[in-house]
Structures are given as C-alpha cells and as structure tokens.
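Below is one structure, written out as structure tokens; comments come after it.
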Amino acid sequence: EVGDGNSFSLWHDPWVLGDSIVNRFGERVIYDSGLPRNALISSVIREGRWEWPTTSSDLLELNNITAAIPFRSGRDKVHWMKRGGTFSLQQAWMSLIPHSPVIPWANVVWFPKRIPKHSFCLWLTYCNGHKTLDKLHRIGVTQSDTCSFGCGLRETINHLFFSRPFTASIWNHLLSLCEYSRGGGGWEVVSEWSIRKLQGHSFRPWITKLALAAAVYHCWVDRNNRLF
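With the working numbering applied, the sequence shown has no gaps in its numbers, which climb one by one up to 230 at the end.
Here is the structure:
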C-alpha cells in the first residue's frame, strides 16, 4: 500500500495493480518522465495528490491508472500476495519454486510409515532409473544383457519387475497375502495397476504399498548379489 511514497521504487516495485511501471510500459517511460531511474514514489506525490509529468501518452495513462490507487497514512506498507495477507516463509518458498504436474504414482511411493530405502528403490523404478543390463550393455559396460536369473531373456526394468518367473512368483504371493488376485505382468502392467488401486490410506492399500516397495527392493538386491 502506498503511504508517504518513500519506501518503494517508482519504476521497479510492483505497486501499480500488482505490477511495476517498467513491466507495464517499458524503459522508455523513465526517459519520457525526466525523473531519475532510482526515483521513489514520493517523486510524483504533491500535497497528498498524484502529480505525474504529462510528456507522453504512457505517462497520461499512468496518471489515470494511479488516480484509483488510494494513499494510506504513514509509511508505505508491503502485503503478501493479496491485500491483508500474512507473510510466511512457506508461501514465499512456494511462490519461488517451479511447480510441476502431480506425479500419479507419488502416493504409492511416499506414504506414512514407509521404509525409506524401499521407497527410494521403488521411486527409481517408477523413474526408470535402475541400471539394468540392457542399459549397461548398450553403453558397453557389460558383454551381455541376458537376465542374471537364467531365464534367457533380456534384463529390462519391465522384465525384472515382475515379468520373469522368479520375481513374478514373489509378487503374486505378496498380492495374495494382501487379498488381491490378479494375473502376472511386467513393470508396465504392475505400475499402472498400482496407480489405480493403491491411492487410498486405509490398511489394505497401505500394506500393499509396503509389500510392493519391499518386493522391488529385495529383488533388486538379489539381482545385484548375483551379478557382483
């Protein structure tokens, strides 16, 4: 809110309906006004009234716009986001960080009473971040991309979780303990199913999310133990 005008930059602070004069009109308006670049709002206030130079159409428009902006007694005052809003560090941080679309599997990975190392491994799986043999073979790190469990197929994330017979048997057994009944499938099928079925906070979805994260983690650890 504008008070005595001695606290805000005339050109660069967002005091004109939430925007700065330079953003609205460009740098030329400073030159046209004859006022210095570091001028304060008080430079265009005389005896409690706006007094703008009238040397350009932009300045005439500014005079009309600011006519509707009231003065307050005392010093200038900053409000947060909206008039009367209360400043908080959380709101400041949220306004500065970039916002991305909500990830559909976020609640499957990050949930109350999770096991952190299991959830981290599951997060990598949803992000396709594991260095499976198909990736290592592609860049020449390994000579073969054949699954380490001896099934003869290429090791990919989709195959590892839970398309191959060994890991599929583990996952299907855990599903039955959680009272879910469904057929097999690789990670593409499992991830799509988990997003649809495991969004709730009741006991059954919660324990199934724990089971999924544990299955992914221990299958990955077992795979690493076989390779290295």
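Idealized CB from N, CA, C, for every residue including glycine.
Please report the Cβ distance between residue i and residue j, rounded to the nearest whole angstrom; I am assuming they are in contact, meaning their Cβ atoms lie under 8 Å.
i: residue 227; j: residue 188; result: Wrong, their Cβ atoms sit about 22 Å apart, outside the cutoff.
i: residue 163; j: residue 218; result: 6 Å
i: residue 11; j: residue 78; result: 11 Å between Cβ atoms; not a contact.
i: residue 5; j: residue 50; result: 11 Å between Cβ atoms; not a contact.
i: residue 166; j: residue 155; result: 7 Å
What three-state label does DSSP hand residue i in the structure shown?
i: residue 148; result: strand
i: residue 43; result: helix
i: residue 11; result: strand
i: residue 104; result: coil
i: residue 52; result: strand
i: residue 21; result: strand
i: residue 166; result: coil
i: residue 225; result: helix
i: residue 156; result: strand
i: residue 209; result: helix
i: residue 135; result: helix
i: residue 2; result: Here the chain comprises residues numbered 3 to 230, so residue 2 is not present and cannot be evaluated.
i: residue 174; result: helix
i: residue 201; result: coil
In angstroms, rounded to a whole number, what distance separates the CA positions of residue i and residue j?
i: residue 56; j: residue 100; result: 40 Å
i: residue 234; j: residue 25; result: The structure shown has nothing for residue 234, since the chain only spans 3 to 230.
i: residue 216; j: residue 120; result: 6 Å
i: residue 168; j: residue 151; result: 8 Å
i: residue 143; j: residue 29; result: 56 Å
i: residue 220; j: residue 123; result: 9 Å
i: residue 113; j: residue 200; result: 11 Å
i: residue 59; j: residue 68; result: 14 Å
i: residue 118; j: residue 184; result: 27 Å
i: residue 196; j: residue 130; result: 16 Å
Candidates the options: which alpha carbon is nearest residue i's?
i: residue 126; options: 29, 222, 27; result: 222
i: residue 198; options: 123, 108, 167; result: 108
i: residue 182; options: 156, 165, 11, 211; result: 211
i: residue 157; options: 75, 138, 95, 143; result: 138
i: residue 33; options: 21, 13, 48, 22; result: 13
i: residue 202; options: 132, 38, 194, 110; result: 110
Is residue i close to chain B, meaning its C-beta is less than 8 Å from at least one C-beta of that chain?
i: residue 28; result: The structure shown contains no chain B; it is built from a single protein chain.
Mind checking whether the beta-carbon of residue i lies closer than 7 Å to any heavy atom of the ligand ATP?
i: residue 173; result: This structure lacks the ligand ATP, and indeed carries no ligand of any kind.
**Validate contact between the stretch 37-46 and the stretch 11-28 using beta carbons, cut 8 Å, 3 pairs** = yes
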